[in-house]
Every structure is written in structure tokens, then in C-alpha cells.
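Colleague: This is the structure I have questions about; it appears just below.
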Amino acid sequence: MSEIENGVTEASENKEAITSLLFQLADDDFLYAYRGSEWLGLAPHIEEDVASSSISQDSMGHAAMYYKLLEELGVGNADDLAHLRPAHERRNSILTERVNGEGFYMETPNYDWAYQVVRSYFYTQAKKVKVDSLCQSSYKPVAEVAVKVKMELYYHRLHWETWFKQLLSSTDVAKKKMNEAITRVMDDFGDMFSFGIQKQAIEKYKLIDSEEKLKENWLASIEPVFAALQMTVPTIPETLANNGRNGEHTVDLDEALRTLSEVYKVDPVASW
Amino acid sequence: MVISESASTTRILEVLKKVKDPEIDSVSIIDLGMVEEVTNSGNTVKVVLLPTFLGCPALEIIKKNTMDAIKQLPEVVEVEVEFAYHPPWTSDRITEEGHVNLRAFGIAPPPRHFEEDGSWHVDCAYCGSTYVTMENIFGPTACRSILYCKSCKNVFEAMKPVSTLM
Chain A
1 MSEIENGVTE ASENKEAITS LLFQLADDDF LYAYRGSEWL GLAPHIEEDV
51 ASSSISQDSM GHAAMYYKLL EELGVGNADD LAHLRPAHER RNSILTERVN
101 GEGFYMETPN YDWAYQVVRS YFYTQAKKVK VDSLCQSSYK PVAEVAVKVK
151 MELYYHRLHW ETWFKQLLSS TDVAKKKMNE AITRVMDDFG DMFSFGIQKQ
201 AIEKYKLIDS EEKLKENWLA SIEPVFAALQ MTVPTIPETL ANNGRNGEHT
251 VDLDEALRTL SEVYKVDPVA SW
Chain B
1001 MVISESASTT RILEVLKKVK DPEIDSVSII DLGMVEEVTN SGNTVKVVLL
1051 PTFLGCPALE IIKKNTMDAI KQLPEVVEVE VEFAYHPPWT SDRITEEGHV
1101 NLRAFGIAPP PRHFEEDGSW HVDCAYCGST YVTMENIFGP TACRSILYCK
1151 SCKNVFEAMK PVSTLM
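Below is the structure:
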């Protein structure tokens, strides 16, 4: 407990950098979990439905922890931070906000499982690289949460890597869909390791490894899988149309926020 | 003259043994190793719990049940229950009694060891056979997996092992 308090005291000087990083981590997991939950009842088979729901639930738990750390820093109530912030205040990566495919969950969802597998695998691997680094963060409260997240992430990573390898070792149709999904996911990967305008401060205070180091670790972590599949490791785009870390988003995020905050806004004082 | 006696830690622990996991009612929060700290100063009791899985929806219920249980001790006036993330909860915190009580519910306790490739093995929760297959590493709750026993032909569950070595 005293360690957490010390962490907060030390934070006064670099609070802006910590807050910014926590929003990036929280919003990433929040949107990733939300998009994952849209597969409920739609996943390819019953076992996958159970697994996907479990992963989404864990990821929502991770987001909740990061929002809680923000609450402890006096930024606002965790539930409000999750539900009520408008799109331009969100710091999630573009990849996590993307729709699962055409149509809407309640009407005619025509979602793309290949896209979900590739997005989840690449995102989870990126999350692992970040969480490994966060375990050594100079900000103790986030380092402690990272240790917890890491243990649960082990199972997520294993799950998505299995799907990724199996579909890419499957039929020609599966391979084609997977390769198209890889292209689409990588088109949105430019801000995955970006810290936005807070880059300097976040790196200076050693809250997490540098953007460059994280990219390098991510590429190295997927290299053996690509080598085994006799595929070339994809390139992370250098230029990006929108940087989610600076609050630049697509219309997909507006749609997600409208849906996910609908019930919360009906009765904001209800206990969840 | 009123003598306010402080609740003995032994009595508090006795009460905490009655606080069950809402989703596995044969095991208590003591069995699961969720109780990290019990501070008892005068008539105020503070309990620090470690969450098992971060997204577990049972956590708030456990917190409430813990408070209610301690409040039943007549000598206690104030109760405070909070969750902490350090040290992290790991599955090796589950006690021997916890292992017995999990089995009684039809859940294989988490294995103590991982194989070199990171995989793990448990025996059937019902018949003890080692001839089992993993059906789904994800189960009905965040902390459980689903397996199948080829000997007694039962589906059973296992508590997922989680460790800082992962």
C-alpha cells in the first residue's frame, strides 16, 4: 500500500505523461474488449464462443484496472471515463475501434472471422510486448497491474496464435482471407506503438520502453511464427492518416461509443 | 463499564472461511488464497483481498459477502475490505484444503508445475485418471478450463494455473 502511495506522490511532476499512457492502455483494451464482445453468439463454434467471451471479459477487466488507476490519480470516476468521454478525447489505436465487418450486431452481422483472428493476434502480441515492458515501469501502480495482466494474457496469446497458424495452414480460401486481413490490420497498425504528442515525456520518465524498442520487440516476437509459415513479417507503416493517441479517429469509434454508452447514459448513477 | 474487546484474528479467520466463492460454493476465500492481510485494531477490521482474475464479475459480491460476514462478529464496529494487486494472486496460493474442496465440486485443482513448452496437465477431477484431453482452455468462468476424461467419459473442469513465470 505504501508503495502505491509513493507512486502517486512521485507522479505529481510527470502526471500528464502517466495519465496519457494510462488512457492509451485503458482505451485500447476497452475498445478491443467491446469489439470482441460483438462476436458473442456469432463465433464459428460453441467452444470459440466461450473462449472469445472469456478473453473479452478479461480484457474489459484490464481496461477497468487502468481506468481505476486514473481514478486514483484524480482524473475522474472510472465508469464515467470508460463510458462518457467523446471520441476526440479517446486515446485508443485505430485498429481497436474498427468494426468487425459489415452490418450491425442486432441486425445482419456479416462479420469477418479472419479479420478478428488477425486483429486479435497482432493486438495481443503488441499488448504482451507493452505489458512485459510495463512490469519494469517507473510508475509502480501500473507495474503491479501489468504483472497481473501478463498472467492472463498468456492464455489469450496462445489462443490467437493457434487460430492464426491453423487458418494460414488451411485451405486456399482461408489463406486468401487471412492475407487480406493481414493487409487491412497492418494498414491500421501505424499508431499501435505511438505515444502521440506525449512520446517524449512518456519515454523520458521511463514509464515504458520507447516506441522504437516496442516495435522492434513486436517484430521479433512474431518472426518465428511467420518463419514457420514461410511468410514475410509485415511492415509497420511509418506514416498514418489518423493517430488515435492524439484523439484522431474514424467514424467506427463514434458508432461504438453510441452503442456501448447507451445503457450507461440511461441511468448514470446506477451501480454496476 | 463497557469493555470493548478487539476481535481476535482467529475468530475473523473462522468467519472468513465461511465466505465462499459465489461460483464455486465448496471453496472459501481462505481456500483460494485470496486473503492477503487482516488488520484488526480495536473494533475496526481491515481485510485486503487479492483478485483472482481481473475481470471476474464475482469480485464485488465477494467483497460484500466478506464485509457482511465480519460484521456478524458482535465486537466489530467498522469493517473495511479492499482489493490489492500486489502481490499478484497466483494459483499456487490455493491451499491444500482448497484443492480438496475444488475436487469435491468436480473441478481439478490447478497443477503446481508447467511443462517445458508452457503446457500443463491435470488428472480427472472425478476418477483421477490421467487419460484426459483439453477441450477448451477457456471455460464457464475466467479461471476455469474444460477437459474430457477418456477413462470415465466425463466432462470436467480445471482451475487454470496462473504464475508470475508465465
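In order, the protein sequences belong to chains A and B.
Residue numbers are given in this note's numbering: position 218 of the first sequence equals residue 218, and the series is strictly consecutive.
If you want this note's numbering, it's the position in the second sequence, counting the first as 1, plus 1000.
Here a beta-carbon is modelled for each residue, glycine too, at the ideal position from N, C-alpha and C.
From a predicted model like this one, the values you see are computed outputs, not experimental measurements.
List the endpoints of the continuous alpha helix (DSSP H) containing residue 115 of chain A.
Modeller: Start and end: 113–134.
Colleague: Measure from the C-beta of residue 1042 of chain B to each C-beta in chain A and report whether the shortest distance is under 8 Å.
Modeller: Not one chain A Cβ lies under 8 Å of residue 1042 of chain B.
Colleague: Flag residue 1024 of chain B as yes if its beta-carbon sits less than 8 Å from any beta-carbon of chain A, otherwise no.
Modeller: By this cut-off, residue 1024 of chain B is not an interface position.
Colleague: What residue from A:95, A:64, A:43 has the CA that sits closest to residue 245 of chain A's CA?
Modeller: For the residues A:95, A:64, A:43, the minimum Cα distance to residue 245 of chain A belongs to A:95.
Colleague: What do you get for residue 122 of chain A, buried or exposed, if any count of 16 or more other CB atoms within 10 angstroms of its CB means buried?
Modeller: Buried is the call here.
Colleague: Strictly below 9 Å CB to CB, what residues from chain B border residue 47 of chain A?
Modeller: By Cβ distance, chain B contributes 1135, 1136, 1138, 1146.
Colleague: Any Cβ of chain B within less than 8 Å of the Cβ of residue 121 of chain A?
Modeller: Not an interface residue.
Colleague: So, is residue 1100 of chain B buried or exposed, given that buried needs 16 or more other C-beta atoms within 10 angstroms?
Modeller: Classification for residue 1100 of chain B: exposed.
Colleague: What residues of chain B sit near residue 71 of chain A, judged by a beta carbon separation below 8 Å?
Modeller: Within 8 Å Cβ-Cβ: nothing; residue 71 of chain A doesn't reach chain B, min ~13 Å.
Colleague: Return the first residue and the last residue of the beta strand (DSSP E) that residue 73 of chain A is part of.
Modeller: Neither: residue 73 of chain A is in no beta strand (DSSP E) and is coded neither H nor E.
Colleague: Quick check: what's the CA-CA separation for residue 1011 of chain B versus residue 1038 of chain B?
Modeller: Computed Cα separation, rounded: 11 Å.
Colleague: For chain A, check one thing: does any of its Cβ atoms lie closer than 8 Å to the Cβ of residue 1164 of chain B?
Modeller: True, the Cβ-Cβ gap to chain A drops below 8 Å.
Colleague: Can you check the region 1029–1109 of chain B for any beta strand (DSSP E) of at least 3 residues that lies completely inside it and give the ranges in chain order?
Modeller: Listed in chain order, the complete beta strand (DSSP E) runs (minimum 3 residues) inside the region 1029–1109 of chain B are 1035–1041, 1044–1049, 1078–1083.
Colleague: Taking 8 Å as the threshold (C-beta atoms), are residue 1123 of chain B and residue 1108 of chain B in contact?
Modeller: For residue 1108 of chain B and residue 1123 of chain B, yes; Cβs fall inside 8 Å.
Colleague: Strictly below 8 Å CB to CB, what residues from chain A border residue 1088 of chain B?
Modeller: Residues of chain A passing the Cβ test: 144, 147, 148, 151.
Colleague: Hey, is the region 147–155 of chain A in contact with the region 1078–1093 of chain B, meaning 3+ C-beta pairs nearer than 8 Å?
Modeller: The region 147–155 of chain A vs the region 1078–1093 of chain B: in contact.
Colleague: Please check if any C-beta of chain A sits within less than 8 Å of the C-beta of residue 1128 of chain B.
Modeller: No - not a single Cβ of chain A is within 8 Å of the one on residue 1128 of chain B.
Colleague: Quick one: residues in its chain with C-beta nearer than 6 Å to the C-beta of residue 1044 of chain B, no 5 flanking neighbours on either side, listed in chain order?
Modeller: Correct list, in chain order: 1078.
Colleague: From the DSSP output, in three-state form, read off residue 250 of chain A for me.
Modeller: In this structure, residue 250 of chain A counts as coil in the three-state DSSP scheme.
Colleague: Which chain B residues sit within Cβ distance under 8 Å of residue 67 of chain A?
Modeller: Simply none; closest approach about 12 Å.
Colleague: Would you mind working out which of A:264, A:25, A:268, A:266 sits nearest residue 143 of chain A, comparing C-alpha positions?
Modeller: It is A:25.
Colleague: Where residue 1047 of chain B and residue 1082 of chain B are concerned, what is the direct C-alpha to C-alpha distance, given to the nearest angstrom?
Modeller: Taking the straight line joining both Cα atoms gives about 6 Å.
Colleague: Let's test the definition: count the other Cβ atoms within 10 Å of the Cβ of residue 46 of chain A and tell me whether it reaches 16, buried, or not, exposed.
Modeller: With fewer than 16 Cβ atoms within 10 Å of its Cβ, residue 46 of chain A is classed as exposed.
Colleague: So residue 58 of chain A packs on residue 1053 of chain B, CB below 8 Å; how close in whole Å?
Modeller: Right, the Cβ-Cβ distance comes to about 6 Å (below 8 Å), so this counts as a contact.
Colleague: Assign residue 170 of chain A to one of two classes, buried (16 or more other C-beta atoms within 10 Å of its C-beta) or exposed (fewer than that).
Modeller: Looking at its Cβ environment, which holds fewer than 16 other Cβ atoms inside 10 Å, residue 170 of chain A is exposed.
Colleague: Mind listing which residues of the region 151–167 of chain A have their C-beta closer than 8 Å to chain B's C-betas, in chain order?
Modeller: For the region 151–167 of chain A, which is checked against every Cβ of chain B, the residues closer than 8 Å are 151, 152, 154, 155, 158, 159.
Colleague: Check whether the region 179–186 of chain A and the region 131–145 of chain A are in contact - that is, three or more C-beta pairs closer than 8 Å.
Modeller: The region 179–186 of chain A vs the region 131–145 of chain A: no contact.
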